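Residue numbers (the working numbering): -7 to 146. Where is the CB? At the ideal position from N, CA and C, for every residue including glycine. From a predicted model like this one, the values you see are computed outputs, not experimental measurements.
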């Protein structure tokens, strides 16, 4: 009986050690997509008003969603990164970080900066890697803003 108990305890200890080693080797990524971060002040509303459906989406959907959910969303993302350390190596954003349709090159820079600052405020402690989505580069000056703000980010 003692021999069986010894073998079982040895086996359990080995499995626990193996499990800990595997957890330390685990690599995970937090995957996000289509956030459409949007603040009304980041739009040239006169320009946007020439596009009724886009105006409706920006004023009734995306900006409202950002205002109502971003604080909790960013808290959850930060919490998940902390909870699953050290396995989470990066947060991957798969496009459409911002809504786009800023309406002017100046507003496009402002929009990209607003989204960039919102992400930085999460203080993730892991790299935030993003891909370019169609909304990120839609509207006057949006492609240039993407390159200026996101591609040179540290």
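Which of the three DSSP states, helix, strand or coil, is assigned to residue 20?
Strand at residue 20.
Assuming contact is defined by CB atoms lying nearer than 8 Å, are residue 73 and residue 22 in contact in what I supplied?
In this structure, residue 73 lies near residue 22, with their beta-carbon atoms less than 8 Å apart.
Quick one: residues in its chain with C-beta nearer than 8 Å to the C-beta of residue 88, no 5 flanking neighbours on either side, listed in chain order?
Taking C-beta separations shorter than 8 Å and ignoring five residues to either side along the sequence, the partners of residue 88 in its chain run 25, 26, 27, 28, 125, 126, 127 and 128, following chain order.
Report the option in 97, 100 and 144 whose CA atom is closest to the CA atom of residue 121.
Cα-wise, what sits closest to residue 121 is 144.
Residue 82 vs residue 104 beta-carbon contact at 8 Å
In this structure, residue 104 does not lie closer than 8 Å to residue 82 by Cβ.
Mind checking which residues open and close the beta strand (DSSP E) that includes residue 122?
Per DSSP, residue 122 belongs to the beta strand (DSSP E) from 120 to 122.
Go through the region 65 to 93 residue by residue and report every complete run of the beta strand (DSSP E) that reaches 3 residues or more, in order.
As for any beta strand (DSSP E) of minimum length 3 sitting wholly inside the region 65 to 93, the runs are 80 to 85, ordered along the chain.
Could you check which residue in 31, 139 and 133 has the C-alpha nearest to that of residue 62?
Check the Cα spacing between residue 62 and each of 31, 139 and 133: the tightest is with 31.
Inter-residue Cα distance where the pair is residue 96 and residue 18:
When only Cα atoms are considered, residue 96 and residue 18 end up about 44 Å apart.
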